[in-house]
Amino acid sequence: MKRGNLLRAVVFFFLIIVISAQAFAESPTESIRETTDKIIAFVADPALNVPDRAGERKRLIRQAVDERFDWVEMARRTLARHWARRTDEERKEFIALFGRLLETTYLDKVDGYSGEEVLYEGESVDEVYGVVKVKIVTKNETEIPVEYRVKKRGDDWFVYDISIEGVSLINNYRTQFNSIIVRSSYENLVKKLRVKVEED
Amino acid sequence: MKKIDLELAVGLFMLAGIVCLGYLTIKLGRMEILGGKGYEIQAVFSNSGGLKVGSSVIIAGVQVGSVRRIVLDDYQARAFVNLPADIKIQEDAIASIKTKGLIGEKYIEITPGGSDKTIEPGGVIRETQPAIDIEELISNFVFGKL
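Listed in order, the protein sequences are those of chains A and B. FYI, in my numbering the residues of the first sequence are 7 to 206. FYI, in my numbering the residues of the second sequence are 1234 to 1379.
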């Protein structure tokens, strides 16, 4: 009788461990939702939406994005064949520049946020890769399909590509950067990126 | 004796004609006997935009292979692509469906990736970009303006 109780207790104990472990392993949609909600909170916060605190708001958003984006993976996929030929220092420099490029291109646009809604339309997971389908609904009911491509690292999911209306961000930059490198040189690409990033 | 020679010549001529016809049928129909050379990989697109069997597969503007088969799989288009054995596709390559000109025929373009791992025969290109529906884009633009 006693032994039966002990066995039950042990089984129960392991069951709890298994359940809590599963609760910690987030789904890709949850990861994306967490970051999106965080950013929307910053953007919609009236206290942050004053000229004095524009820099602070930008920093907070960038921080939230950094927590979710796998910049190394993104940079590697963007440079594609040319990545292997870069030294560690060049890679580090490129990752920083690429991050700044996306920041100047897209983060400045968040000022135009006016209550767009984000609908989560499902996800698919294949081993360590996942796709999260999202629909952004603007105020005048235009629907923009967005796909986040995520990769699992540890227990969490990190974005390595975004497709908007079926057009992949990485593919866009990969084609552009490849043609610049092939026509001139990698140094020229870095120079161009620097000019673009320092424009504002 | 002479009559047999003539009949033999006509027979041979006919035979040559049939062989030529067979050759042309296979060549023009892009059929391949013995399965063709190279290997096959797959790519899944949410919209194939009317990609056909025999459509070209292009890398850097050069045709390297062709579409063997397209099937509907879970309401998505799964294309089977044949590539020559000496062309390796990296694991992070992106396959996108493009259009020749504005309304021309569809083809698959592969932008090579930088991964050390390559896709094995029978493997799947994970990163894909569906065909862009210009009509839909225009309507989005038009209604977005309202």
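Glycine residues also receive a C-beta, built at the ideal position from the N, C-alpha and C atoms.
When secondary structure is reduced to three states using DSSP, Asn194 (chain A) falls in the helix class. Taking a beta-carbon distance threshold of 9 angstroms, Thr181 (chain A) counts as an interface residue toward chain B. Under the DSSP assignment, Arg1301 (chain B) falls in the beta strand (DSSP E) whose first and last residues are 1295 to 1306.
A distance below 7 angstroms between beta-carbons, with the five flanking residues on each side excluded, links Ile1320 (chain B) to the following residues of its chain, in chain order: Val1297. Val173 (chain A) belongs to the set of residues whose beta carbon lies under 9 angstroms from a beta carbon in chain B. Counting C-beta atoms within 10 angstroms of its own C-beta, Leu1284 (chain B) has 16 or more neighbours from the protein chains shown and is therefore classed as buried. Per DSSP, the beta-bridge partners of Ile150 (chain A) are A:Ile142. Straight-line measurement puts the Cα of Ile186 (chain A) at about 6 angstroms from the Cα of Leu195 (chain A).
Counted as a single uninterrupted DSSP element, the beta strand (DSSP E) harbouring Ile1292 (chain B) occupies residues 1289 to 1292. Chain A has a Cβ within less than 9 angstroms of the Cβ of Glu1360 (chain B).
Distance between Leu54 (chain A) and Ala47 (chain A), taken at the CA atoms: about 10 angstroms. DSSP places Lys157 (chain A) in the strand class (E or B) of the three-state scheme. Shown in chain order are the members of the stretch 82 to 99 of chain A whose Cβ falls below 8 angstroms from a Cβ of chain B: Arg82, Arg83, Leu85, Ala86, Arg87, His88, Trp89, Ala90. Within the stretch 1257 to 1291 of chain B, contact with chain A at the beta-carbon level (separation under 8 angstroms) is assigned to Ser1279, Asn1280.
For Tyr135 (chain A) and Lys1339 (chain B), the gap between their C-alpha atoms comes out near 28 angstroms.
Cβ contact annotation for Pro1317 (chain B) (same chain, cutoff 6 angstroms, sequence separation greater than five): Gly1271, in chain order.
In the structure shown, the three-state DSSP call for Glu127 (chain A) is strand. Residues are counted here when their Cβ sits less than 7 angstroms from a Cβ of chain A; for the stretch 1320 to 1332 of chain B these are Asp1325, Ile1327, Ser1329, given in chain order. Taking 9 angstroms as the cut-off between beta carbons, the residues of the stretch 121 to 137 of chain A near chain B are Asp132, Tyr135, in sequence order. Beta bridge pairing from DSSP links Glu1360 (chain B) with B:Ile1327. Per the C-alpha coordinates, the member of B:Ile1291, B:Ser1372, B:Asp1349 positioned closest to Asn1315 (chain B) is B:Ile1291.
Residue range 1309 to 1316 is occupied by the beta strand (DSSP E) that includes Arg1311 (chain B).
Taking 9 angstroms as the threshold, the shortest C-beta distance from Leu1370 (chain B) to chain A falls below it.
For Val49 (chain A), no beta strand (DSSP E) encloses it; the enclosing alpha helix (DSSP H) starts and ends at 34 to 50. Straight through space, the alpha carbons of Leu1239 (chain B) and Lys1331 (chain B) are spaced by roughly 57 angstroms. Counting C-beta atoms within 10 angstroms of its own C-beta, Pro1354 (chain B) has fewer than 16 neighbours from the protein chains shown and is therefore classed as exposed. Relative to Ile1358 (chain B), the option among B:Ser1372, B:Gly1347, B:Glu1324, B:Val1243 whose CA is nearest is B:Glu1324. Taking 7 angstroms as the cut-off between beta carbons, the residues of the stretch 1342 to 1354 of chain B near chain A are Thr1344, Pro1345, Gly1346, Gly1347, in sequence order. Of the other Cβ atoms in all chains shown, 16 or more fall within 10 Å of the Cβ of Pro34 (chain A); this residue is therefore buried.
Distances from the alpha-carbon of Val1277 (chain B) to those of B:Val1304, B:Arg1311, B:Gly1250, B:Met1247 put B:Arg1311 closest.
Under the DSSP assignment, Lys1339 (chain B) falls in the beta strand (DSSP E) whose first and last residues are 1339 to 1344. Judged by DSSP in its simplified three-state form, Glu1273 (chain B) adopts strand. In summary, Thr1344 (chain B) is buried, with 16 or more beta-carbon neighbours lying within 10 Å of its beta-carbon over all protein chains present. A straight-line Cα-Cα distance of about 10 angstroms links Leu103 (chain A) and Arg97 (chain A). Here Phe75 (chain A) is not near Tyr192 (chain A), since their CB atoms are 9 angstroms or more apart.
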